[in-house]
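Engineer: Protein sequence lines, in the order shown, are assigned to chains B and A.
The first sequence begins at -8 in this note's numbering and counts up by one.
The second sequence begins at 6 in this note's numbering and counts up by one.
Cβ coordinates follow ideal geometry from the N, Cα and C atoms, glycine included.
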Amino acid sequence: MMPSIDNHYRKPLRISLIGMDQRARDALQLFFHNLCHDDYLLADDSAADISIFDMDALHAQKSRAEHSQKHPQRPAILVSLLECEHDGAAFLKKPIQPQELLSALEKIRRELTAGERIAATAPVDEPKGKLPRPPVLDMAVSTTGYDANEDAAAPEKQEEELAPNYSGEIIPLFPDTHRKEEQSGQPEVVVPEPPQKEKAAFLYNPESYLQGYIQKACQLARQQNRNVSLLGPWRPIIILPETREIWVEQSHAHLYALSVMAIQPEDVTITPLESGEMPPEEGGSILPIELFLWKLAVRTARGRIPVGTDLRAPIHLTHWPNLSRLMPIHHGLRIAALWTSQPVSLMETATILNIPPKYIFSFYSAANALGLIVHEKRSNDDDRPSRQANQQQEHIGLFRKILARLRKRT
Amino acid sequence: MDNNYKLIFTGPVGAGKTTAIQAISDTPPVTTDAIATDMTQNIKETTTVAMDYGSMQLEGGECLHLYGTPGQERFNFMWEILTKGGIGLILLLDNTRADPFQDMHFFLNSFRSFIDSTHLAIGVTQTDRCATPRLDQYHEQLSSAGLKVPLFEVDARQRRDVVVLVEALLFSLAPDLKVSA
Ligand SMILES: Nc1nc2c(ncn2[C@@H]2O[C@H](COP(=O)(O)OP(=O)(O)OP(=O)(O)O)[C@@H](O)[C@H]2O)c(=O)[nH]1
Ligand SMILES: [Mg+2]
């Protein structure tokens, strides 16, 4: 279990985050609020007691040096994917484990308290006990999120959601801080066979995240045909296998924001409930597991695929996902159409559809979380172009015009 | 007849065919609804007795005609004529009906040769009023009929639901279809 901090009279420490994007800030804010009972609060750099630096951000060394000059007394925690020079400051390696972060903060707190160095008056920017709406909220609650334009090639609404940095590192807790703009106008999309060292960039392990725990709980619920409770560093969750629903006490937005946080198995308990035991009627909300898990997987994967996925193995979908209701993934309809028509590998998909792999990977991860992916032995006649496909070639121009017309809102 | 293409909407009484065509048609659909009599009376007030018609004007002067079959089975002699030259079939199923699977198999059988030579996409409507059967149960039924087709929850009153369904049909016909920017 998490180290618990029960002292209600403790002064909240103010934390400034440097080199972190909005998503990382949201994740940490939730962490401080939910697990640290607001013992720590995000604050303006000028008013902070502690600074946390993402050393994988652009110009991280430089801003760290500048900060040390400006606030020579202020304790710092450095986080990075790789070991780095931390001259006395606390260092945490990504993905950050909540316990480690908490221990580091507690240690600093003890030192600060001993030295009476807590700045006394400066105001904090978040009132205690009130968690501001994270920006993810707006996108998080709609269940009918399909936007017909999502499949169109041009507007990339989901870019934020889906784009990991392929050439750089993928940073599970603090993603995308130094993402380069995607190069446009590339004629050909090929999934490169990554060098061993870089493989981690597009792989993630669902088991380390809320996604994996929910999948595990669902599996148990199905096997035992009983409601299953899932406890961890979040408010209670109950899986209802009979109706294929999930009951959550926490707001969906908070749970989706938790998706990027690595969670230790010791912090999680999955227990079947007595038969007939139902979630409380007051509070919480129920939604179809499929909708929740799909979205959670997209949020967790962020353009990556689960470790162990074979890029060259032919796959297909058991059936079409309910794409009118599931969170849209760019090019999702095209990918689903291809994966229900013939077995193809992820690499071939990128070539056939000529789209960036990150969309294919997101779709794969979400469909895989729902159990829709089948690995297939390729049979010989899959090579033949289908009769239908040939016949349709002459209509391609027409189809394109229909699509264009459907997407032109009147 | 080269620039004359058809998309066919079918399904049982009250599944939302007229409404779906209305949702994407350029022009208000011509519908030949009549006050319902006999068997449909307690389901809804009007029913389509001949067929629905709508259209989408495409770039380059072409036109996509949208046809809806009448919901009542006694008019099914028209279906053969209707599907001629069709690019694909949209089947709408009303989830509140007594036996939606029976409805589905009825339409799959009736349109089998058309489906085999083109493609099919299925929208299950009225799921807000009745959540079961669930989509995975429809998929089981489809798989026993040897079909793996787009099947979505659709509210025919929502244009974007209808658009997703039609797009899924188009991509099924040609997954490598590119979207011009
Ligand atoms: N609540 C709800 N109503 C819907 C949905 N889809 C369509 N409707 C309504 O259902 C009713 C029947 O729709 P129609 O479009 O007349 O059905 P139809 O298939 O043309 O029926 P026939 O012409 O009799 O075969 C209309 O009032 C629609 O607005 C849905 O998903 N939920
Ligand atoms: Mg009608």
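For G79/B, count the other beta carbons within 10 Å of its own beta carbon; 16 or more makes it buried, fewer makes it exposed. Which is it?
Structural biologist: exposed
Engineer: Does the Cβ of A131/B have 16 or more other Cβ atoms within 10 Å, making it buried, or fewer, making it exposed?
Structural biologist: Note that A131/B has pLDDT 26, beneath the 50 cutoff, so the model's placement of it is unreliable and the number below is only indicative. A131/B is buried by the Cβ-count criterion.
Engineer: Relative to the alpha-carbon of F283/B, which residue among H58/B, I306/B, V239/B has its alpha-carbon at the smallest distance?
Structural biologist: Out of H58/B, I306/B, V239/B, V239/B has the C-alpha closest to the C-alpha of F283/B.
Engineer: What span of residues does the alpha helix (DSSP H) with G275/B cover, start to end?
Structural biologist: G275/B -> no alpha helix (DSSP H), and no H or E assigned at all.
Engineer: Output yes if chain D places a C-beta closer than 8 Å to the C-beta of P105/A; else output no.
Structural biologist: The displayed structure is made up of protein chains B and A, and chain D is not among them.
Engineer: If we cut at 8 Å on Cβ distances, does I86/A have a partner in chain B?
Structural biologist: It does not; no Cβ of chain B falls within 8 Å.
Engineer: So what does S220/B bridge to, in DSSP terms?
Structural biologist: I229/B, T262/B
Engineer: What would DSSP say about Y31/B, mapped onto helix, strand or coil?
Structural biologist: Y31/B: strand per DSSP, three-state reduction.
Engineer: How about T101/A: is its Cβ closer than 7 Å to a heavy atom in ligand 2?
Structural biologist: Not one heavy atom of ligand 2 lies closer than 7 Å to the C-beta of T101/A.
Engineer: Starting from T130/A, follow its DSSP beta bridges and name the residues at the other end.
Structural biologist: In the DSSP output, where bridge partners are listed per residue, T130/A has D99/A.
Engineer: Ends of the beta strand (DSSP E) at A179/A?
Structural biologist: No beta strand (DSSP E) contains A179/A, which DSSP labels as neither H nor E.
Engineer: By the criterion of Cβ-Cβ separation under 8 Å, what are the contact partners of W238/B in chain A?
Structural biologist: The contacting residues do not exist; W238/B stays about 16 Å from chain A at best.
Engineer: To the nearest whole angstrom, what separates the beta carbons of A173/A and A28/A, a pair I think is in contact under 8 Å?
Structural biologist: Incorrect: roughly 15 Å between the Cβ atoms, too far for contact.
Engineer: In this structure, how does DSSP classify F352/B when only helix, strand and coil are distinguished?
Structural biologist: helix
Engineer: Going by alpha carbons, who is nearest to A360/B out of D30/B, Y31/B, Y195/B, E74/B?
Structural biologist: Y195/B
Engineer: Take the Cβ of Q206/B as the centre, count every other Cβ of all protein chains shown within 10 Å, and call the residue buried at 16 or more, exposed below.
Structural biologist: buried
Engineer: In chain order, what residues of the segment 289 to 321 of chain B put their CB closer than 7 Å to some CB of chain A?
Structural biologist: H310, W311, N313, L314, S315, R316
Engineer: Just checking: is the beta-carbon of Y72/A within a distance shorter than 8 Å of some beta-carbon in chain B?
Structural biologist: no
Engineer: Run through DSSP, which three-state label would G323/B get?
Structural biologist: The answer is helix: DSSP assigns G323/B an H, G or I state.
Engineer: Are the CB atoms of A20/A and V167/A nearer to each other than 8 Å?
Structural biologist: no
Engineer: Ignore the nearest five residues each way along the sequence and tell me which others in L178/A's own chain have a CB closer than 8 Å to its CB.
Structural biologist: I92, G93, T123, H124
Engineer: Give the secondary structure of T342/B by DSSP, where H, G and I count as helix, E and B as strand, and everything else as coil.
Structural biologist: helix
Engineer: Any heavy atom of ligand 2 closer than 7 Å to the beta-carbon of T74/A?
Structural biologist: no
Engineer: Quick one, are the C-beta atoms of L418/B and A304/B less than 8 Å apart?
Structural biologist: Only positions -8 to 401 of chain B appear in the structure, and residue 418/B is not among them; the question remains open.
Engineer: Within the present structure, is the beta-carbon of T342/B separated from the nearest heavy atom of ligand 2 by less than 7 Å?
Structural biologist: no
Engineer: Please classify H144/A: is it buried, with 16 or more other beta-carbons within 10 angstroms of its beta-carbon, or exposed?
Structural biologist: buried
Engineer: Cβ of A161/A within 7 Å of any heavy atom in ligand 1?
Structural biologist: yes
Engineer: Roughly how many angstroms lie between the CA atoms of F112/A and D181/A, to the nearest whole one?
Structural biologist: 28 Å
Engineer: Ignore the nearest five residues each way along the sequence and tell me which others in Y355/B's own chain have a CB closer than 6 Å to its CB.
Structural biologist: I296
Engineer: Within 10 angstroms of the Cβ of N216/B, are there 16 or more other Cβ atoms? Answer buried if so, exposed if not.
Structural biologist: Counting Cβ neighbours within 10 Å, N216/B comes out exposed, since fewer than 16 surround it.
Engineer: Given a cut-off of 8 Å on the beta-carbon distance, is the pair G151/A and L98/A in contact?
Structural biologist: no
Engineer: For the alpha helix (DSSP H) holding S201/B, just list the boundary residues, first then last.
Structural biologist: Contrary to the premise, residue 201/B reads as Leu rather than Ser in this sequence. Note, L201/B: alpha helix (DSSP H), 201 to 215.
Engineer: F14/A and Y58/A: beta carbons closer than 8 Å?
Structural biologist: no
Engineer: Have a look at N345/B, A48/B, S94/B and flag the residue whose alpha-carbon is nearest the alpha-carbon of C75/B.
Structural biologist: A48/B
Engineer: Comparing the C-beta of D373/B with each C-beta of chain A, is any distance below 8 Å?
Structural biologist: At D373/B, the pLDDT of 48 sits below 50, so the modelled position is not reliable; the number obtained from the coordinates is stated separately. With 8 Å as the cut-off, D373/B does not count as an interface residue toward chain A.
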